[in-house]
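When the letters of the sequence shown are read in order and numbered with this note's numbering, they come out as residues 257 to 458.
The C-beta atom is built at its ideal place from N, Cα and C for all residues, glycine as well.
The structure presented is a predicted model; accordingly, all values stated were derived computationally and were not measured.
Report on one structure; see the data block that follows.
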Amino acid sequence: MITLLQRSILALGVVAALVACSPSGEGGVAGGFASTDITGANYAKGFQLTDHTGAPRSLADYRGKVVTLFFGYTQCPDVCPTNLLGMAEVMRQLGPDADKVQVLFITVDPERDTQALLAEYVPAFDKRFVGLFGDAASTAAVAKDFKVFYQKQGDTSGQAYTVDHSTGTYVFDPQGRLRLYVKHGEKPEAIVGDVRKLLAGK
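The following block contains the structure:
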(Lines of atoms letter the chains of each structure in order from A; the text may use other names.)
(Lines give C-alpha, C1' and ligand atoms only; values in the text may rest on other atoms or scores of the structure.)
Protein backbone atom coordinates (compact mmCIF):
# COMPACT_ATOMS: atom_id res chain seq x y z
CA MET A 257 0.00 0.00 0.00
CA ILE A 258 1.31 3.47 -0.89
CA THR A 259 2.03 5.47 2.24
CA LEU A 260 0.91 9.03 2.86
CA LEU A 261 4.50 10.22 2.43
CA GLN A 262 4.90 8.40 -0.88
CA ARG A 263 1.61 9.80 -2.19
CA SER A 264 2.62 13.29 -1.14
CA ILE A 265 6.03 13.04 -2.82
CA LEU A 266 4.38 11.85 -6.03
CA ALA A 267 1.86 14.68 -5.94
CA LEU A 268 4.55 17.22 -5.11
CA GLY A 269 6.28 16.30 -8.35
CA VAL A 270 3.06 17.03 -10.22
CA VAL A 271 2.62 20.38 -8.50
CA ALA A 272 6.25 21.30 -9.17
CA ALA A 273 5.71 20.54 -12.85
CA LEU A 274 2.61 22.72 -12.93
CA VAL A 275 4.46 25.61 -11.27
CA ALA A 276 7.44 25.21 -13.63
CA CYS A 277 5.18 25.31 -16.69
CA SER A 278 3.07 28.25 -15.56
CA PRO A 279 3.48 31.68 -17.11
CA SER A 280 4.53 34.64 -15.01
CA GLY A 281 1.88 36.75 -13.35
CA GLU A 282 -1.25 35.86 -11.44
CA GLY A 283 -3.26 34.56 -14.38
CA GLY A 284 -6.78 35.28 -15.47
CA VAL A 285 -8.29 37.84 -17.79
CA ALA A 286 -7.79 41.47 -16.89
CA GLY A 287 -10.56 42.44 -14.51
CA GLY A 288 -11.86 38.87 -14.33
CA PHE A 289 -11.00 35.58 -12.68
CA ALA A 290 -8.86 32.71 -13.87
CA SER A 291 -11.32 30.24 -12.33
CA THR A 292 -14.96 29.81 -13.31
CA ASP A 293 -17.08 32.62 -11.87
CA ILE A 294 -20.23 31.11 -10.34
CA THR A 295 -21.31 34.16 -8.37
CA GLY A 296 -25.03 33.96 -7.64
CA ALA A 297 -25.25 30.16 -7.83
CA ASN A 298 -28.21 28.82 -5.84
CA TYR A 299 -26.40 25.82 -4.37
CA ALA A 300 -23.46 25.14 -2.01
CA LYS A 301 -25.09 27.20 0.74
CA GLY A 302 -23.05 25.77 3.60
CA PHE A 303 -22.53 22.77 5.86
CA GLN A 304 -22.85 21.47 9.41
CA LEU A 305 -19.93 19.12 10.04
CA THR A 306 -17.20 18.35 12.60
CA ASP A 307 -13.59 19.42 12.22
CA HIS A 308 -10.51 17.31 12.88
CA THR A 309 -10.27 18.64 16.44
CA GLY A 310 -13.81 17.48 17.22
CA ALA A 311 -15.41 20.95 17.08
CA PRO A 312 -18.71 21.50 15.23
CA ARG A 313 -18.22 23.71 12.20
CA SER A 314 -20.28 25.62 9.66
CA LEU A 315 -19.35 27.89 6.79
CA ALA A 316 -20.29 30.90 8.93
CA ASP A 317 -17.41 30.11 11.30
CA TYR A 318 -14.99 31.26 8.62
CA ARG A 319 -16.72 34.53 7.74
CA GLY A 320 -14.14 37.24 7.08
CA LYS A 321 -11.82 34.89 5.19
CA VAL A 322 -11.68 33.59 1.65
CA VAL A 323 -12.62 29.92 1.98
CA THR A 324 -11.58 27.16 -0.41
CA LEU A 325 -13.42 23.87 -0.08
CA PHE A 326 -12.49 20.53 -1.62
CA PHE A 327 -14.15 17.10 -1.28
CA GLY A 328 -11.82 14.10 -1.10
CA TYR A 329 -10.55 11.30 1.11
CA THR A 330 -7.29 10.44 2.84
CA GLN A 331 -6.55 7.24 0.91
CA CYS A 332 -6.94 8.98 -2.44
CA PRO A 333 -3.83 8.08 -4.45
CA ASP A 334 -3.36 11.22 -6.53
CA VAL A 335 -6.01 13.92 -6.93
CA CYS A 336 -6.46 14.73 -3.23
CA PRO A 337 -2.81 15.05 -2.19
CA THR A 338 -2.13 16.98 -5.40
CA ASN A 339 -4.93 19.40 -4.53
CA LEU A 340 -3.73 19.90 -0.96
CA LEU A 341 -0.12 20.36 -2.03
CA GLY A 342 -1.25 22.87 -4.63
CA MET A 343 -3.18 24.80 -1.97
CA ALA A 344 -0.14 24.71 0.31
CA GLU A 345 1.79 26.36 -2.52
CA VAL A 346 -0.99 28.94 -2.88
CA MET A 347 -0.69 29.74 0.82
CA ARG A 348 3.08 30.08 0.50
CA GLN A 349 2.75 32.49 -2.41
CA LEU A 350 0.12 34.57 -0.60
CA GLY A 351 2.58 35.37 2.17
CA PRO A 352 0.94 37.35 5.01
CA ASP A 353 -2.39 37.29 3.14
CA ALA A 354 -2.56 33.52 3.73
CA ASP A 355 -3.87 34.29 7.22
CA LYS A 356 -6.99 35.66 5.50
CA VAL A 357 -7.64 32.31 3.75
CA GLN A 358 -9.09 29.06 5.11
CA VAL A 359 -8.57 25.81 3.24
CA LEU A 360 -11.19 23.15 4.05
CA PHE A 361 -11.13 19.45 3.13
CA ILE A 362 -14.41 17.50 3.44
CA THR A 363 -14.06 13.74 3.40
CA VAL A 364 -16.36 11.68 1.19
CA ASP A 365 -15.17 8.53 2.99
CA PRO A 366 -16.52 8.91 6.54
CA GLU A 367 -16.33 5.17 7.17
CA ARG A 368 -12.53 5.16 7.08
CA ASP A 369 -11.64 8.82 7.61
CA THR A 370 -11.86 9.12 11.36
CA GLN A 371 -11.24 12.32 13.25
CA ALA A 372 -7.80 11.06 14.26
CA LEU A 373 -6.85 10.22 10.68
CA LEU A 374 -8.02 13.58 9.36
CA ALA A 375 -6.10 15.32 12.16
CA GLU A 376 -2.94 13.57 11.00
CA TYR A 377 -3.48 13.88 7.25
CA VAL A 378 -4.90 17.33 6.50
CA PRO A 379 -2.62 19.58 8.63
CA ALA A 380 0.41 17.66 7.31
CA PHE A 381 0.11 19.76 4.14
CA ASP A 382 -0.29 23.04 6.05
CA LYS A 383 -1.04 23.34 9.75
CA ARG A 384 -3.77 25.88 9.00
CA PHE A 385 -5.77 23.46 6.84
CA VAL A 386 -8.92 21.98 8.39
CA GLY A 387 -10.39 18.53 7.76
CA LEU A 388 -14.16 18.10 8.09
CA PHE A 389 -16.30 15.00 8.44
CA GLY A 390 -19.82 13.84 9.18
CA ASP A 391 -21.74 10.59 9.28
CA ALA A 392 -22.88 8.93 6.06
CA ALA A 393 -26.16 10.85 5.95
CA SER A 394 -24.71 14.30 6.58
CA THR A 395 -21.88 13.65 4.12
CA ALA A 396 -24.41 12.70 1.44
CA ALA A 397 -26.51 15.80 2.21
CA VAL A 398 -23.57 18.19 1.95
CA ALA A 399 -22.31 16.55 -1.23
CA LYS A 400 -25.78 16.84 -2.77
CA ASP A 401 -26.01 20.53 -1.87
CA PHE A 402 -22.61 21.14 -3.46
CA LYS A 403 -23.48 19.01 -6.52
CA VAL A 404 -20.53 16.73 -5.70
CA PHE A 405 -20.47 13.16 -6.98
CA TYR A 406 -18.78 10.34 -5.07
CA GLN A 407 -19.04 6.56 -5.29
CA LYS A 408 -17.08 3.61 -3.94
CA GLN A 409 -15.27 1.41 -6.42
CA GLY A 410 -13.55 -1.97 -6.12
CA ASP A 411 -13.89 -4.13 -3.00
CA THR A 412 -16.82 -2.26 -1.47
CA SER A 413 -17.48 -5.12 0.95
CA GLY A 414 -14.09 -4.57 2.62
CA GLN A 415 -11.72 -1.72 3.37
CA ALA A 416 -9.64 -1.76 0.18
CA TYR A 417 -12.02 0.23 -1.99
CA THR A 418 -11.34 3.51 -3.77
CA VAL A 419 -13.76 6.41 -4.13
CA ASP A 420 -14.48 8.17 -7.40
CA HIS A 421 -15.37 11.79 -6.68
CA SER A 422 -15.65 15.28 -8.12
CA THR A 423 -12.32 17.08 -8.20
CA GLY A 424 -13.10 20.80 -8.28
CA THR A 425 -12.63 23.34 -5.50
CA TYR A 426 -15.26 25.84 -4.38
CA VAL A 427 -14.18 29.32 -3.33
CA PHE A 428 -16.18 31.66 -1.07
CA ASP A 429 -15.46 35.33 -0.55
CA PRO A 430 -15.00 36.90 2.91
CA GLN A 431 -18.75 37.57 3.10
CA GLY A 432 -19.45 33.85 2.79
CA ARG A 433 -20.78 34.05 -0.76
CA LEU A 434 -19.99 31.32 -3.28
CA ARG A 435 -17.91 32.94 -6.02
CA LEU A 436 -15.61 30.56 -7.91
CA TYR A 437 -15.18 26.98 -9.06
CA VAL A 438 -11.56 25.95 -9.56
CA LYS A 439 -10.95 23.03 -11.89
CA HIS A 440 -8.47 20.40 -10.73
CA GLY A 441 -4.99 21.14 -12.02
CA GLU A 442 -5.33 24.92 -12.02
CA LYS A 443 -1.95 26.59 -11.53
CA PRO A 444 -1.26 27.93 -8.03
CA GLU A 445 -0.40 31.35 -9.47
CA ALA A 446 -3.85 31.62 -11.04
CA ILE A 447 -5.55 30.71 -7.75
CA VAL A 448 -3.39 33.24 -5.90
CA GLY A 449 -4.51 35.93 -8.32
CA ASP A 450 -8.18 35.06 -7.83
CA VAL A 451 -7.84 34.97 -4.03
CA ARG A 452 -6.18 38.37 -4.00
CA LYS A 453 -9.05 39.79 -6.06
CA LEU A 454 -11.61 38.39 -3.62
CA LEU A 455 -9.65 39.79 -0.67
CA ALA A 456 -9.71 43.17 -2.43
CA GLY A 457 -13.50 43.02 -2.61
CA LYS A 458 -13.91 42.18 -6.29
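{"Asked": "Hey, how far is the Cα of residue 366 from the Cα of residue 391?", "Found": "6 Å"}
{"Asked": "How is the alpha helix (DSSP H) around residue 368 delimited, first residue to last?", "Found": "Residue 368 -> no alpha helix (DSSP H), and no H or E assigned at all."}
{"Asked": "Under DSSP, the alpha helix (DSSP H) around residue 449 begins and ends at which residues?", "Found": "444-455"}
{"Asked": "At 4 residues or longer, what runs of the alpha helix (DSSP H) sit wholly inside the region 355-402?", "Found": "371-377 and 392-401"}
{"Asked": "Whose CA, out of 348, 351 and 425, lies closest to the CA of residue 325?", "Found": "425"}
{"Asked": "Using only CA atoms, which one of 457, 309 and 445 lies nearest to residue 376?", "Found": "309"}
{"Asked": "Tell me the start and end of each unbroken beta strand (DSSP E) in the region 295-339 that is at least 3 residues and wholly inside, in chain order.", "Found": "304-307, 312-314 and 322-328"}
{"Asked": "Using the rule of at least 16 other Cβ atoms within 10 Å of the residue's Cβ for burial, across every protein chain shown, is residue 314 buried or exposed?", "Found": "exposed"}
{"Asked": "Return the Cβ separation of residue 350 and residue 357 in integer angstroms, given the expectation that the two are a contact with Cβ distance under 8 Å.", "Found": "6 Å"}
{"Asked": "Rounded to whole angstroms, what is the Cα-Cα separation between residue 200 and residue 455?", "Found": "Any answer about residue 200 is impossible in this case: the structure gives the chain only from 257 up to 458."}
{"Asked": "Might you give, ordered along the chain, the residues of its own chain that have their beta carbon closer than 6 Å to the beta carbon of residue 292, omitting 5 neighbours on each side?", "Found": "437"}
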